[in-house]
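So the mapping is simple: the working numbering equals the position in the sequence shown, first residue as 1, plus 34.
Notes follow the structure.
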Amino acid sequence: MTPQSQKRQRCAIYTRKSTEHNLDLEFNSLDAQREACEAYIKSQAHEGWRLVPDHFDDGGLSGASLNRPSLQRLLDDVRDGKIDIILVYKVDRLTRSLADFAKLVELFDQHGVSFVSITQSFNTTSSMGRLTLNVLLSFAQFEREVIGERVRDKIAASKRKGLWVGGPVPLGYATEDKKLVVVPAEAKIVRLIFALYLEADSIASLAEVLGHKGIRTKIRSLSNGESRGGGPFGVGALAHLLRNRFYIGEIDYRGEIHAGEHEAILDRKLFDKVQEKLTKNTVDRAMRLKGSPALLMGRIFDDIGNRMTPSHSNKRGVRYRYYVSHALIQGRKRDAGSVSRVPATEIEHLVLQAVRQNLSSRNPDASPDQEAIIAQIDKIVVRREVLEIRLLETEPTSTNIIPGTRRTKDSPSAGSNTISIPWTAKIFSAVKGIVHAPDPTGPTLTPDTRDALLNAIAKARQWVSDMTLGRVKSFADIATKEKKVERHIRLLAPLAFVAPSIVQSIIEGTAPASLTITELAKSSVHSWRQQHHLLKVSSKR
35 MTPQSQKRQR CAIYTRKSTE HNLDLEFNSL DAQREACEAY IKSQAHEGWR
85 LVPDHFDDGG LSGASLNRPS LQRLLDDVRD GKIDIILVYK VDRLTRSLAD
135 FAKLVELFDQ HGVSFVSITQ SFNTTSSMGR LTLNVLLSFA QFEREVIGER
185 VRDKIAASKR KGLWVGGPVP LGYATEDKKL VVVPAEAKIV RLIFALYLEA
235 DSIASLAEVL GHKGIRTKIR SLSNGESRGG GPFGVGALAH LLRNRFYIGE
285 IDYRGEIHAG EHEAILDRKL FDKVQEKLTK NTVDRAMRLK GSPALLMGRI
335 FDDIGNRMTP SHSNKRGVRY RYYVSHALIQ GRKRDAGSVS RVPATEIEHL
385 VLQAVRQNLS SRNPDASPDQ EAIIAQIDKI VVRREVLEIR LLETEPTSTN
435 IIPGTRRTKD SPSAGSNTIS IPWTAKIFSA VKGIVHAPDP TGPTLTPDTR
485 DALLNAIAKA RQWVSDMTLG RVKSFADIAT KEKKVERHIR LLAPLAFVAP
535 SIVQSIIEGT APASLTITEL AKSSVHSWRQ QHHLLKVSSK R
């Protein structure tokens with residue numbers, strides 16, 4: 035094959051020198067680097083390598099930062115598709131940071147650009163070069179994890195000493211010289227909230243009292259100039275405030291109580307009385323709700339602000355659960371939100387799955403149970419095309435929003451994260467306020483079977499996610515964690531790939547009554563179209 039028949043490879047040379055020393059010489063270090071790279075390109079002429087005329091030389095600039103003029107010009111050319119191969123004398127001429135190197139290589143891969151270090155036998159155009167790259171990237175990942183561990187250890191040590199480590203500033207305090215100082219006006223509000231709770235029937239009734247008195251959440255200024263807060267207190271935010279030991283001069287870090295260096299706002303006797311009432315009300319509420327499947331009761335609202343109350347109907351011996359706007363129940367249909375009635379099982383499944391993934395993205399080692407997930411929810415707002423889940427935020431975190439969701443900018447509750455889940459509200463009919471279930475055309479799933487199928491699918495998705503993200507290495511690890519035999523894990527894992535429309539039919543209870551976990555797992559290895567055919571589930575959504 036002649037050189038003319040080879041595909042032309044456009045090559046760019048990048049050179050760098052950390053100091054300006056001897057740059058004024060007729061032949062300096064940058065020239066030496068470029069000359070060596072030019073010779074290497076000539077040796078690869080039979081492969082179609084050709085040098086581009088532009089020079090990319092950074093003199094007197096450190097490799098610790100990517101903010102270098104010539105490097106940025108080079109990266110712009112990469113993005114514009116003008117470069118095929120980048121050559122350097124040594125890898126450290128490009129960058130001295132493994133983390134930055136990983137970012138650059140990712141950019142190169144996105145645009146099909148190869149990278150060559152001529153003195154280190156490092157060439158991503160070859161399989162050995164790519165192996166070397168993977169080793170270096172492994173070290174980069176190790177570096178990031180070590181940094182993360184150091185940050186977590188520093189936060190833990192600081193909290194044990196009672197120091198403020200940042201994050202949302204509690205109502206009643208402000209930061210001054212990286213320390214917390216009491217804001218008298220806000221401290222007065224905190225004391226009032228605690229006192230009013232002792233007179234109220236519940237946290238929900240306390241929220242109503244505060245609303246009537248015009249008491250709002252703390253307004254926080256963000257670094258981008260925007261502000262958050264100033265809205266009415268939600269039940270979740272109040273529950274967190276009432277249990278916050280920060281107000282008696284203590285810091286609670288993962289169950290460990292440490293004396294804080296900040297000034298207390300509350301008298302301990304008042305705080306202890308509130309804790310006793312909270313505990314008693316929690317026990318009483320648990321007894322009332324025992325056996326009740328309404329997981330989101332007290333936390334779900336329509337988009338006008340009406341609380342959505344659990345309701346149900348019975349159709350052909352099957353019980354169907356819903357959440358219904360309180361305005362609709364009272365006969366005030368015009369005062370209800372855009373969605374006044376939703377199927378409970380579907381909403382609960384979507385919310386639990388979204389919050390579980392959100393919490394796991396913050397802390398990969400966490401395995402929150404259902405109770406822990408519900409405890410993190412401040413408020414759920416049901417809109418026609420989106421579900422908004424407002425979470426409590428008690429620690430400064432860098433939250434990764436799950437695929438298919440997004441964080442909204444405006445959140446009326448201070449110190450909260452909002453997850454938005456795209457969904458489509460279904461239209462239901464009602465007679466005299468009684469909710470009617472969809473009329474199935476044949477035998478459908480019982481609630482117990484439906485819940486078992488959905489739980490199995492959720493577990494399988496979590497397992498596959500854990501393996502994909504490297505949290506576990508094998509099915510054997512999952513089996514050990516779940517206290518199951520490995521064969522059981524391997525049987526259920528394919529459930530992670532069940533067609534979304536089939537999952538939807540299970541949620542709605544319209545899937546065939548004969549559907550079993552084993553049958554579902556066996557069919558899920560096929561295409562979505564084949565799954566519908568094998569399971570006899572209608573694909574018309």
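Ideal placement from N, C-alpha and C gives every residue a C-beta, glycine not left out.
How far does the beta strand (DSSP E) with residue i in it reach, from first residue to last?
| i | result |
| --- | --- |
| threonine 452 | 450-456 |
| serine 151 | 148-151 |
| valine 376 | 375-377 |
| valine 415 | 411-416 |
| histidine 566 | Segment 562-569 is the alpha helix (DSSP H) holding histidine 566; no beta strand (DSSP E) there. |
| alanine 234 | Premise fails: alanine 234 is in no beta strand (DSSP E) and is neither H nor E. |
| alanine 547 | Taken as a continuous stretch (DSSP letters only), alanine 547 belongs to no beta strand (DSSP E), as it is neither H nor E. |
| leucine 85 | 83-85 |
| isoleucine 551 | No beta strand (DSSP E) holds isoleucine 551; the alpha helix (DSSP H) holding it covers 551-557. |
| phenylalanine 335 | 334-336 |
From the DSSP output, read off the bridge partner residues of residue i.
| i | result |
| --- | --- |
| threonine 49 | Asp91 |
| valine 215 | Ala208 |
| valine 385 | Beta-bridge pairing links valine 385 to no other residue. |
| glutamate 357 | The residue asked about is misnamed: residue 357 is tyrosine in this sequence, not glutamate. Pro344 and Val376. |
| valine 420 | Pro456 |
| valine 122 | Ser151 |
| histidine 292 | Ile285 |
| leucine 100 | Looking at the DSSP assignment, leucine 100 forms no beta bridge with any residue, so it has no partner. |
| glutamine 538 | Glutamine 538 is not bridged to any residue. |
| leucine 300 | According to DSSP, leucine 300 bridges with nothing at all. |
| arginine 44 | Arg84 |
| arginine 495 | Arginine 495 pairs with nothing; no bridge assigned. |
With distances taken Cα to Cα, identify the nearest neighbour of residue i among the options.
| i | options | result |
| --- | --- | --- |
| lysine 247 | Ser261, Pro266, Ser255 and Glu233 | Pro266 |
| alanine 70 | Lys41, Leu121, Ile117 and Arg107 | Leu121 |
| serine 347 | Val376, Ala370, Leu330 and Asp337 | Val376 |
| glutamine 564 | Ser535, Val147, Asn62 and Arg186 | Ser535 |
| aspartate 235 | Asn315, Leu226, Arg254 and Trp198 | Asn315 |
| alanine 208 | Arg355, Glu297 and Ala73 | Glu297 |
| alanine 221 | Asp211, Ala241, Gly245 and Ile249 | Ile249 |
| lysine 311 | Arg277, Tyr287, Ile338 and Gly289 | Arg277 |
| leucine 495 | Val571, Ile407, Ile453 and Arg390 | Before going further, note that residue 495 is arginine rather than leucine in the sequence given. Here the closest residue by C-alpha is Arg390. |
| glutamate 405 | Gly371, Thr452, Leu330 and Leu384 | Leu330 |
| isoleucine 455 | Leu487, Leu488, Leu421 and Ala486 | Leu421 |
| alanine 533 | Arg366, Ser558, Ile299 and Ile237 | Ser558 |
| leucine 230 | Arg366, Gly245 and Pro218 | Gly245 |
| leucine 304 | Ala378, Gly365, Phe228 and Arg254 | Phe228 |
| valine 498 | Tyr354, Ile541 and Ala530 | Ala530 |
| proline 202 | Ile407, Leu384, His274 and Leu549 | His274 |
Assuming residue i is part of the alpha helix (DSSP H), what are its boundary residues?
| i | result |
| --- | --- |
| lysine 247 | 237-247 |
| phenylalanine 509 | 509-516 |
| leucine 105 | 103-113 |
| aspartate 65 | 63-77 |
| isoleucine 523 | 520-526 |
| isoleucine 117 | It is not in any alpha helix (DSSP H) - isoleucine 117 carries neither H nor E in the DSSP assignment. |
| histidine 145 | Premise fails: histidine 145 is in no alpha helix (DSSP H) and is neither H nor E. |
| histidine 274 | 269-277 |
Only counting the same chain, and skipping five residues up and downstream in sequence, which positions put a Cβ closer than 7 Å to that of residue i?
| i | result |
| --- | --- |
| isoleucine 291 | Arg279 and Glu284 |
| valine 537 | Ile491 |
| arginine 68 | Ile47 and Thr49 |
| glycine 476 | With a pLDDT of 47 at glycine 476, under the threshold of 50, the predicted position of this residue should be treated as unreliable, and no value is reported. |
| glutamine 410 | Val389, Leu393, Leu425 and Leu426 |
| lysine 124 | Ser151, Thr153 and Gln154 |
Looking only at its own chain, which residues have a Cβ that is under 8 Å from the Cβ of residue i, when we skip the five neighbours before and after it?
| i | result |
| --- | --- |
| alanine 293 | Gly196, Gly283, Glu284 and Ile285 |
| lysine 213 | Trp198, Glu295 and His296 |
| isoleucine 119 | Gln43, Arg44, Cys45, Ala46, Trp83, Val147, Ser148, Phe149, Val150 and Thr159 |
| aspartate 306 | none |
| leucine 108 | Ala46, Tyr48, Phe90, Ile117 and Ile120 |
| glutamate 72 | Ile47 and Leu85 |
Going by beta carbon distance, what residues of the same chain come within less than 6 Å of residue i, once the five residues before and after it are set aside?
| i | result |
| --- | --- |
| glutamate 60 | none |
| glycine 467 | Residue placement at glycine 467 is poorly supported in this model, since its pLDDT is 38, which falls under 50; the coordinates still yield a value, given next. Result list for glycine 467: empty, nothing under 6 Å. |
| leucine 57 | Gly93 |
| leucine 128 | Val122 |
| isoleucine 75 | Cys45, Trp83 and Leu85 |
| phenylalanine 135 | Thr129 |
Verify the CB distance criterion: does residue i have a CB-CB separation below 7 Å to chain C?
| i | result |
| --- | --- |
| isoleucine 334 | Absent from the structure: chain C. Only one protein chain is present. |
Determine, using beta-carbon pairs with one atom in the segment 42-53 and one in the segment 93-113, whether at least three such pairs fall under 8 Å. yes
Evaluate the contact criterion for the segment 176-194 versus the segment 264-284: three or more CB pairs, one atom per stretch, below 8 Å. no
With three or more C-beta pairs closer than 8 Å as the rule, is the segment 503-522 touching the segment 553-565? no
When you compare the segment 331-339 with the segment 406-417, are there three or more beta-carbon pairs, one atom per stretch, that lie closer than 8 Å? yes
Across the segment 338-346 and the segment 359-371, are there enough close Cβ pairs to call them in contact, namely three or more that are closer than 8 Å? yes
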